[in-house]
Amino acid sequence: MLDWRKHKIIIIQILKDIYQNPLISPWLGFKGGTAAYLFYGLPRYSVDLDFDLLDILKKESVFVEVKKIVEKYGKIKDEMIKENTILLEISYGDQEHNIKIEISTRQLKNNFEILNYLGIPMQVMAK
2 MLDWRKHKII IIQILKDIYQ NPLISPWLGF KGGTAAYLFY GLPRYSVDLD FDLLDILKKE
62 SVFVEVKKIV EKYGKIKDEM IKENTILLEI SYGDQEHNIK IEISTRQLKN NFEILNYLGI
122 PMQVMAK
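So for the sequence shown, our numbering puts the first residue at 2; every next one is plus one.
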C-alpha cells in the first residue's frame, strides 16, 4: 500500500535536488499532475515527476545528473533514453510504490514561469 506521506517527501526531495543543481535546473520545465498539485492547488496528486527538456543538446548531461540524484533515494528499476523521452524509475522500498521521472525531449512550445517552492525557484508550466 502506498504511504502518501513518505512518497510525497521523497518526490519533493528529488524535485528540490533537481532545481538546486545548476547543471540541469535551467534545462528542465516541471509539468504534469504533481506540478499542478504543488503549485496550482489542483486536488489531483500524481505519483510521478514530469518535465520538458528545454534544450535538446543537454539530453545526455541531464540524464546523467538526474540519475545521480535519484540514486540517492532508491534503487533504479528502469532507465532509458528513447527518441522523445528520458525515463528513470526508482523503488525506495520493497513494499513501496515506485517513482517515475519522465523527461519529454520533444521540442514543444510550452510556456514555463519561475515559481518558488520551499524557497527554491523552479520552472513550472504556466497555467
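In this text, a Cβ means the ideal position worked out from N, Cα and C, and glycines have one as well. Predicted model, so just to flag it, every value in this text is computed and none were measured.
- Residue pairing by DSSP places LEU54 opposite LEU29 in a beta bridge.
- In the DSSP assignment, GLN124 falls within the unbroken beta strand (DSSP E) covering 121-126.
- Residue range 60-72 is occupied by the alpha helix (DSSP H) that includes SER62.
- Counted as a single uninterrupted DSSP element, the alpha helix (DSSP H) harbouring LEU16 occupies residues 5-20.
- If you draw a straight line from the Cα of PHE113 to the Cα of PRO44, it is about 21 Å long.
- One alpha carbon belongs to HIS8, the other to LEU58, and they sit about 32 Å apart.
- Between ILE12 and LEU50, the C-beta spacing is below 8 Å.
- In this structure, PHE52 places its C-beta atom within 8 Å of the C-beta atom of PHE31.
- Here SER47 is near TYR38, since their CB atoms are less than 8 Å apart.
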